[in-house]
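Asker: Take this structure, written in structure tokens, and hold onto it; I'll ask about it next.
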Amino acid sequence: MMLGQHGEELAVKFLREKGYKIKIRNYKTRIGEIDIIAGDGDTLVFIEVKTRESLEYGHPFEAVNARKRKKIANVAMLYLKRFEELPPCRFDIVSIYINNGIPECELIKDAFEV
306 MMLGQHGEEL AVKFLREKGY KIKIRNYKTR IGEIDIIAGD GDTLVFIEVK
356 TRESLEYGHP FEAVNARKRK KIANVAMLYL KRFEELPPCR FDIVSIYINN
406 GIPECELIKD AFEV
């Protein structure tokens, strides 16, 4: 299993343990993808998962730069077109560092605004 896929599997388990209800995984559009769309109470959450086995280039969450955030927001807007009444929404990041085979998961709620 590739690192990204493994990270997403870990993230789903981690999020479920925190009470999130997973709605969609790998929501793809012509302009990009969102790793996970989930419910957290009444809030619709768009979640980016970043996984690394080394911190040489920084922590995983640091890879979600301005360009990536804009792309995620644009994909989220396409997804939200299906709703007549918009639910409360937010953007979270699950940062996973696999340290000597042991995953360290971190949830950054409301990681960015658009």
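Residue numbers for the sequence shown follow the numbering used here, beginning at 306 and rising by one. Even glycine gets a Cβ: it sits at the ideal position worked out from N, Cα and C. This structure is a prediction, so every number in the text was calculated from the model and none was measured.
Which residue comes first and which comes last in the alpha helix (DSSP H) that contains alanine 381?
Answerer: As a first step, residue 381 must be located in the sequence shown, where it is residue number 76. That run of the alpha helix (DSSP H) goes 371–385.
Asker: Suppose you measure from the CA of isoleucine 401 to the CA of valine 354; what does that come to, to the nearest Å?
Answerer: Here residue 401 refers to the residue found at position 96 of the sequence shown. Here residue 354 refers to the residue found at position 49 of the sequence shown. So the alpha carbons of these two residues sit roughly 8 Å apart.
Asker: Do you know how far the Cα of alanine 381 is from the Cα of lysine 333?
Answerer: Locating residue 333 in the sequence shown gives position 28, counting from the first residue. Locating residue 381 in the sequence shown gives position 76, counting from the first residue. Near 10 Å, if we compare the C-alpha coordinates of alanine 381 and lysine 333.
Asker: In the structure shown, what three-state DSSP assignment does phenylalanine 417 receive?
Answerer: To locate residue 417, count along the sequence shown from 1; it is residue 112. Reduced to three states, the DSSP call for phenylalanine 417 is strand.
Asker: Please classify glycine 344: does DSSP put it in a helix, a strand, or coil?
Answerer: For the purposes of this step, residue 344 is taken as residue 39 along the sequence shown, with counting starting at 1. It is a strand residue.
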